[in-house]
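A.B. asks: Structure incoming, see below.
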Amino acid sequence: MEAAYAITTDGLTKKFGDFIATNNITFQVKKGEIFGFLGANGAGKTTAMRMLCGLLKPSSGKATVAGYDVYTQTESIKLNIGYMSQRFSLYEDLTVSENIRFYGGIYGLTRSAIKTATAELLAKLALEKEAKSLVGSLPLGWKQKLSFSIAIIHNPAIVFLDEPTGGVDPITRRQFWDLIYEAAHAGVTVFVTTHYMDEAEYCDRVSIMVDGKIKALDTPAALKTTFGAATMNDVFLKLAREANQ
Amino acid sequence: MRTILYLLQKEFLQIFRNKAMLPIITVMPIVQLLILSFAANYEIKNMNIAIVDQDLSPYSKRLSQKMVASGYFRLAYQSMNADEAYEELASDRADLVMVIPRHFERDLIKHDESSIQLLVNAINGTKAGLANGYANVIIQQFNNEIRTEWFALDPKDGPAHFEITFSNWYNQGMNYRIFMVPGLLVVLVTMIGAFLSGMNIVKEKEIGTIEQLNVTPIRKSHFIIGKLLPFWLIGLLEMAVGLMVGKIVFDIPFLGSIGLLFLFSGIYLWVMLGLGLLISTFTETQQQAMFISWFFMVIFILMSGLFTPIESMPGWAQKMTLFNPLMYFVKVIRMVLLKGSGWAQVQWFFGVMVLFAIAMNTVAVLNYRKTV
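Structure representation (structure tokens):
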């Protein structure tokens with residue numbers, strides 16, 4: 001059972017005072033899956049993701065990430081995951097290759113491994129010419145792609161992406177998803193939140209959170225059938241509208 | 001261990017890529033030492049004096065001249081009318097009034113004593129005290145002079161038999177710059193330690209990169225060392241630049257061991273870096289960190305004995321200064337540079353500083369969390 005799942009949660013809950021941000025959520029993410037984690041703003045997605053990354057201690061419930069417990073083994077979790085937050089997290093005053101070297105270094109990659117990884121990464125993103133430019137001078141779409149590539153530089157078992165494509169143009173989003181597919185192909189489990197419903201269609205399975213609870217969890221095709229909707233957008237609107245009533 | 005090296009590499013790249021940083025390291029110490037050491041000068045010259053000479057005798061004129069010739073006083077007003085002179089004092093045109101009464105010379109010769117009235121504007125207590133002191137010394141000198149003259153005329157009418165003389169040890173010329181420059185160096189090093197380190201960590205919170213670091217397996221202790229060590233080195237570099245400026249421009253004496261001084265600075269800097277780290281743990285923006293650092297800085301500087309002697313503070317305030325790391329550093333740097341104190345004289349201060357460093361960093365590290 002442990003071997004089949006990258007992430008398991010059982011009744012995971014986080015309270016901030018009286019406010020319940022994440023209410024008793026239970027789900028499993030299979031290894032190598034692209035798992036879409038959907039929900040309106042304030043539905044509790046980021047809170048849940050932060051608990052899984054070991055950034056936040058849960059109030060109650062159980063969860064394991066890559067087989068490690070989120071209460072007691074957060075440092076082991078951190079070795080095995082990559083994370084890309086909503087906020088841009090590279091250093092704008094460092095160059096592209098300095099950023100790669102730094103993150104590679106703190107994940108414990110050897111000097112030669114960093115060199116190879118840097119060359120591969122620059123080639124993949126066609127950023128060879130920009131290797132010595134400051135990250136702050138790159139367009140947003142390039143920054144996001146670079147950010148993702150750096151988040152998986154240490155070949156983690158799981159990568160968490162928190163609205164990775166926010167504010168990015170459709171072409172770059174498409175290219176970004178190519179990168180995600182490529183990573184998933186290489187066996188990385190992808191856990192992604194997004195507000196773009198077309199992106200939800202790209203996921204293997206999708207969960208939709210409303211007011212701190214998971215209201216639906218299935219493949220996009222199955223969800224559309226269950227809710228009698230033509231697109232994921234309609235599925236989302238139906239669930240979100242229910243919550244408002 | 002390798003993690004720390006990557007962190008250090010990143011920090012130094014960022015620090016030296018920051019355009020404000022190089023001026024802070026090189027220009028700030030020079031400007032601060034040059035300007036402040038001239039400005040923070042307790043010697044007061046050219047105080048305005050109003051002289052009311054109601055005697056108009058040779059002796060009274062001689063005393064007036066002596067006052068003005070001293071260089072400390074500038075004759076702002078002269079008259080026979082004391083009330084007019086008080087008016088000068090009230091309107092701030094005079095800092096002190098000397099009233100020489102009628103029969104000053106006659107009484108001095110006949111009764112061997114006479115009196116003079118000195119009125120000092122004491123709104124600025126320090127200035128008033130100095131004016132009073134200078135005037136008294138001059139009057140004393142005048143007294144000695146005329147008595148020596150009498151003694152020449154008549155051996156039985158001799159001067160007082162004893163006189164107290166002073167010898168100023170360690171700073172013979174009573175040069176305020178020699179006294180101030182080491183103290184100002186302390187302020188400089190303190191600012192580097194507490195301000196820059198704290199702001200640097202909070203900046204990562206502000207731009208959001210701290211979250212990215214917190215999901216990496218980076219160890220808390222590695223992160224902290226990687227953050228503080230660069231500023232420790234910069235602080236020591238600053239100390240070296242400051243000492244050189246002090247030596248070249250002000251010719252401050254280096255009587256004691258420079259190595260000892262750097263050792264103490266090294267420990268002291270860890271205290272201040274710990275303070276910066278602690279501040280960064282409970283602030284979210286650089287602005288907040290700045291204000292809180294500033295709050296501590298003002299208290300530390302004013303209660304350090306740098307500008308005002310600790311001995312003149314009330315008892316409770318004197319006890320408070322025992323918890324002020326700056327106070328110890330001001331003391332030690334003056335002792336080592338100006339008096340040539342060695343390990344034996346300053347070891348107690350070393351002990352206290354090590355305790356401070358341990359306490360401050362323990363609290364800061366315990367308070368620092370990798371979770372949000």
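Here the protein sequences line up with chains A and B, keeping their order.
The numbering of the first sequence is the UniProt record's numbering, which starts it at 1 and goes up by one.
The numbering of the second sequence is the UniProt record's numbering, which starts it at 1 and goes up by one.
Virtual Cβ for every residue (Gly too), placed ideally from N, Cα, C.
For Ala-160(B), which residues of its own chain have a beta-carbon under 6 Å away from its beta-carbon, when the five flanking residues on both sides are left out?
C.D. replies: Counted from its first residue, the second sequence places residue 160(B) at position 160. Here Ala-160(B) scores only 45 on pLDDT, less than 50, and its place in the model is too uncertain to base an answer on.
A.B. asks: Could you list which residues in chain B have their beta carbon closer than 9 Å to that of Phe-88(A), in chain order?
C.D. replies: Residue 88(A) sits at position 88 when you count from the first residue of the first sequence. In chain order: Ile-207, Gly-208, Thr-209.
A.B. asks: Give the DSSP-derived three-state secondary structure of Asn-324(B) in the structure shown.
C.D. replies: Looking up residue 324(B) in the second sequence gives position 324. Asn-324(B): coil per DSSP, three-state reduction.
A.B. asks: Scan the region 209-236 of chain B for residues whose Cβ lies nearer than 7 Å to a Cβ of chain A and list them as they occur along the chain.
C.D. replies: Going along the region 209-236 of chain B in chain order, one finds Thr-209, Glu-211, Gln-212, Asn-214, Val-215, Thr-216, Pro-217, Ile-218 with a Cβ nearer than 7 Å to chain A.
A.B. asks: Measure the beta-carbon distance from Pro-156(A) to Asn-80(A) and round it to whole angstroms, keeping in mind my assumption that it falls under 8 Å.
C.D. replies: Indexing the first sequence from 1 puts residue 156(A) at position 156. Indexing the first sequence from 1 puts residue 80(A) at position 80. Their Cβ separation, rounded to whole angstroms, is 6 Å, which keeps Pro-156(A) and Asn-80(A) in contact under 8 Å.
A.B. asks: Let me know the secondary structure DSSP gives Arg-205(A) once reduced to three states.
C.D. replies: Within the first sequence, residue 205(A) is the residue found at index 205, counting from 1. DSSP places Arg-205(A) in strand when its eight states are reduced to three.
A.B. asks: What's the C-alpha gap between Tyr-202(A) and Leu-355(B)?
C.D. replies: For the purposes of this step, residue 202(A) is taken as residue 202 along the first sequence, with counting starting at 1. For the purposes of this step, residue 355(B) is taken as residue 355 along the second sequence, with counting starting at 1. Whole-angstrom Cα-Cα distance: 59 Å.
A.B. asks: Using a Cβ cut-off of 7 Å, pull out every chain A residue sitting near Gln-287(B), in sequence order please.
C.D. replies: Against the second sequence, residue 287(B) aligns to sequence position 287. None at all; the shortest Cβ gap to chain A is about 19 Å.
A.B. asks: At a Cβ threshold of 8 Å, is Glu-2(A) touching chain B?
C.D. replies: As a first step, residue 2(A) is located in the first sequence; it is residue number 2 there, counting from the start. Per-residue confidence for Glu-2(A) stands at a pLDDT of 49, beneath the threshold of 50, marking its modelled position as unreliable; the derived number appears in the next sentence. No, its Cβ sits nowhere closer than 8 Å to a Cβ of chain B.
A.B. asks: What span of residues does the beta strand (DSSP E) with Gln-347(B) cover, start to end?
C.D. replies: Position 347 of the second sequence holds residue 347(B). Taken as a continuous stretch (DSSP letters only), Gln-347(B) belongs to no beta strand (DSSP E), being part of the alpha helix (DSSP H) at 343-367.
A.B. asks: What residue range is occupied by the uninterrupted alpha helix (DSSP H) comprising Ile-152(A)?
C.D. replies: For the purposes of this step, residue 152(A) is taken as residue 152 along the first sequence, with counting starting at 1. Run containing Ile-152(A): none; DSSP gives neither H nor E here.
A.B. asks: Along the region 2-25 of chain B, where does the CB come closer than 9 Å to a CB of chain A? Name the residues.
C.D. replies: Correct list: Arg-2, Thr-3, Leu-5, Tyr-6, Leu-7, Gln-9, Lys-10, Leu-13, Gln-14, Arg-17, Asn-18.
A.B. asks: What does Glu-98(A) touch in chain B if you count any residue whose Cβ is under 9 Å from its own?
C.D. replies: For this step, residue 98(A) is matched to residue 98 along the first sequence. What Glu-98(A) touches in chain B: Gln-9, Lys-10, Leu-13.
A.B. asks: Less than 7 Å between C-beta atoms, sequence neighbours within five positions excluded: which residues of the same chain meet that for Met-197(A)?
C.D. replies: Indexing the first sequence from 1 puts residue 197(A) at position 197. Thr-231, Met-232, Asn-233, Phe-236.
A.B. asks: With DSSP run on the structure shown, which of helix, strand or coil describes His-161(B)?
C.D. replies: Sequence index remark: in the second sequence, residue 161(B) carries index 161 (1-based). In this predicted model, His-161(B) has a pLDDT of only 43, less than 50, meaning its place in the structure is not dependable enough to derive any value.
A.B. asks: Listed from N- to C-terminal order along the chain, which residues in the region 59-77 of chain A have their beta-carbon within a distance smaller than 7 Å of any beta-carbon of chain B?
C.D. replies: From the region 59-77 of chain A, only Glu-75 have a Cβ closer than 7 Å to chain B.
A.B. asks: Consider the Cβ of Leu-55(A): report whether some Cβ of chain B lies at a distance smaller than 8 Å.
C.D. replies: Locating residue 55(A) in the first sequence gives position 55, where the first residue counts as 1. Output row for Leu-55(A): interface = yes.
A.B. asks: List the DSSP bridge partners of Gln-54(B).
C.D. replies: Indexing the second sequence from 1 puts residue 54(B) at position 54. DSSP, once it has assigned bridges, lists no residue as partnering Gln-54(B).
A.B. asks: Run down chain B in chain order and give the residues with a C-beta less than 9 Å from the C-beta of Leu-94(A).
C.D. replies: Start at 1 with the first residue of the first sequence, and residue 94(A) comes out as number 94. In chain order: Lys-10, Leu-13, Gln-14, Arg-17.
A.B. asks: The region 203-216 of chain A: which residues have C-beta closer than 9 Å to a C-beta of chain B, in chain order?
C.D. replies: Those residues of the region 203-216 of chain A that come within reach of chain B (Cβ to Cβ, closer than 9 Å) do not exist; the list is empty.
A.B. asks: Whose C-beta lies closer than 7 Å to the C-beta of Arg-220(A) among residues of the same chain, with five residues either side of it excluded?
C.D. replies: Within the first sequence, the letter at position 220 stands for residue 220(A). Inspection of the sequence shows that residue 220(A) is occupied by Pro rather than by Arg. Counting only Cβ-Cβ distances below 7 Å, and skipping sequence neighbours, we find Ala-200, Glu-201, Cys-203, Val-206, Met-232.
A.B. asks: How would you call Val-298(B), buried or exposed, if buried means at least 16 neighbouring beta carbons within 10 angstroms?
C.D. replies: By 1-based counting over the second sequence, the position of residue 298(B) is 298. Its Cβ having fewer than 16 others within 10 Å, Val-298(B) is exposed.
A.B. asks: Which of the three DSSP states is assigned to Arg-93(B) in this structure?
C.D. replies: What you label residue 93(B) is simply residue 93 of the second sequence in a count that begins at 1. Looking at Arg-93(B) - three-state DSSP - the assignment turns out to be coil, as it is neither helix nor strand.
A.B. asks: So Leu-90(A) and Leu-146(A) are supposed to be a Cβ contact under 8 Å. How far apart are they, rounded?
C.D. replies: Position 90 of the first sequence, counted from the start, is the residue given in the question as residue 90(A). Position 146 of the first sequence, counted from the start, is the residue given in the question as residue 146(A). Sure, about 7 Å apart at Cβ, within 8 Å.
A.B. asks: Please classify Thr-116(A): does DSSP put it in a helix, a strand, or coil?
C.D. replies: Within the first sequence, the letter at position 116 stands for residue 116(A). Three-state DSSP puts Thr-116(A) in a helix.
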